[in-house]
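Asks: With mature numbering (1 follows the signal peptide of the UniProt record, and there is no 0) applied, the sequence shown covers -24 to -1, 1 to 376.
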Amino acid sequence: MIARQTIRWLLFGLISMPLTTAHAAMPSPEPYMLVRSMRMLQDQVASGKPEALPMLNRVLGHIAEQLQLARPEVWSKPANVYAIFIYLLNGGNPEVVRTILTSANLGQVDPKLVAGSLAYAEGDTLRIIENFQELPPNVPIELVASIYLVTATQLAGIDAGTALKRLDYIRLNAPGTLLEEAALRRGLMIAARLGDKDKVRLLARNYLQRFALSPYSEDFFRQLVDALMVIKDKISNQEIEEMASLAWPGARLPFYLRIARGAIVDGDMQRARFASEQADALSTVLKTDDTQAKLYLAVSNVGSDKTGDAKFMLSNLPRDRLHGRDINLLEAAIVMANKILAQPIPGMDGLQKASVTGNAVATAEPGSARAAPVESVDPMIDETRKKLDAIDALLGKARK
């Protein structure tokens, strides 16, 4: 109880007065208490409290100052040593921690924890994995969770199954914390690469139900879209829609737009059409610009029996509302639409072809002399429908 009150007092003091004043007026709590204050703020960040994030940066700086001023005997207590590891792995100053680890007497702490933390401070990925592969049994859960989180991405390249299990450990042992929030985000791509659709859905649902207001939610949606691109053949549009329904409409719109564009680049026009239709409808509900949604919808229809309509829509989109890469996409789609519309119609004589062409031109683009989309297509057009290779080639940079 006393420790919790001290931590709250520390936070209140930092919030209510300048840092230099707070430093002079407040006592110097032990490192483990300082780090608890950091973790409390991190959890407030995860819950979406806007004032917590700038305050967290301030507290991290204050902790660095206090650690540098700490007396040597402070490090005789294992709780304080574990605290500086947690501080380092959660955004702390690596130079400050490196100085302590190389100068203080830390004989009571497992050498691998020290070596792994020094490797982390130096950015040595191989040594991080080597030293953190197996942890001593007496390590606090919060430190275990921090270690598992920072090593998950590297470990996933070696043993994805173990990496995902370690992230599950964090979810079970640190619920409601920023550690859990980050574990949910990082687990998406690992689960997708393992082909575990149900896990991807579980992680996405948990995140949207628990951390929808997190300032890192944009990264979550990017990770989720990338994961969906990996398991594209295993997950249905209905399942995607069920996940998206948990997010507020303003977050669903960019989510569907990302899916639509990713599907276009991947040549999955059916998924692109679904996502762009959802985005178009949301644009109407939110009364926001629908240019990007209509672009992706039109592109997804190039190569179908709606090619003429798609070309008409593409030709009339305001380019000044599109980013450079989407302008390239628009131009590539128009080129492809023109090629498709210029194809001869099998089994028709000149008069029949002229009649069909005239009707299509009147519908698609008055005054144009281009040919019409047709129900029956040759193999080249059929292949175009599947992949739109010309568009894909122009968007090579978008894959990165």
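Every residue, glycine too, gets a C-beta built ideally from N, C-alpha and C.
CB residue 248 to CB residue 234, shorter than 9 Å?
Replies: Cβ distance not < 9 Å, so residue 248 and residue 234 don't count as in contact.
Asks: Can you confirm whether the segment 79 to 89 touches the segment 37 to 45 when touching is taken to mean that 3 or more C-beta pairs between the two stretches lie within less than 8 Å?
Replies: At 8 Å Cβ cutoff, the stretches do not touch.
Asks: With a threshold of 16 other CB atoms inside 10 Å of the CB of residue 295, please say whether the residue is buried or exposed.
Replies: Burial call: exposed.
Asks: In the DSSP assignment, the alpha helix (DSSP H) including residue 56 goes from what residue to what residue?
Replies: Per DSSP, residue 56 belongs to the alpha helix (DSSP H) from 54 to 65.
Asks: Can the beta-carbon of residue 197 be found closer than 9 Å to that of residue 231?
Replies: Result yes, Cβ atoms of residue 197 and residue 231 sit closer than 9 Å.
Asks: So what does DSSP say about residue 299, is it helix, strand or coil?
Replies: DSSP places residue 299 in coil when its eight states are reduced to three.
Asks: Find out if the Cβ-Cβ distance for the pair residue 242, residue 210 is shorter than 9 Å.
Replies: For residue 242 and residue 210, no; Cβs fall outside 9 Å.
Asks: Tell me whether residue 264 sits in a helix, a strand or coil according to DSSP, three-state version.
Replies: The answer is coil: DSSP assigns residue 264 none of H, G, I, E or B.
Asks: Determine the contact status of residue 168 and residue 192, defining contact as a CB-CB distance below 9 Å.
Replies: No; because the gap between Cβ atoms is not below 9 Å, this pair is not in contact.
Asks: Between residue 219 and residue 255, which are expected to be in contact by the criterion C-beta below 8 Å, what is the C-beta distance as a whole number of angstroms?
Replies: Not really, about 15 Å apart at Cβ, beyond 8 Å.
Asks: Assess contact between the segment 133 to 140 and the segment 89 to 104, defined as three or more Cβ pairs (one per stretch) separated by less than 8 Å. Is contact present?
Replies: At 8 Å Cβ cutoff, the stretches do not touch.
Asks: Would you identify the three-state DSSP class for residue 284, choosing helix, strand or coil?
Replies: In the structure shown, residue 284 sits in a helix (DSSP, three-state: H, G or I).
Asks: Can you look up residue 48 in the DSSP assignment and give me helix, strand or coil?
Replies: Helix, per DSSP.
Asks: By the DSSP assignment, the alpha helix (DSSP H) with residue 104 in it spans what residues?
Replies: Note, residue 104: alpha helix (DSSP H), 101 to 108.
Asks: Among the residues of its own chain, which have a CB less than 6 Å from the CB of residue 153, if the five just before and after it don't count?
Replies: 19, listed in sequence order.
Asks: What does the Cβ neighbour count give for residue 281, buried or exposed, with the cut at 16 atoms within 10 Å?
Replies: Label assigned to residue 281: exposed.
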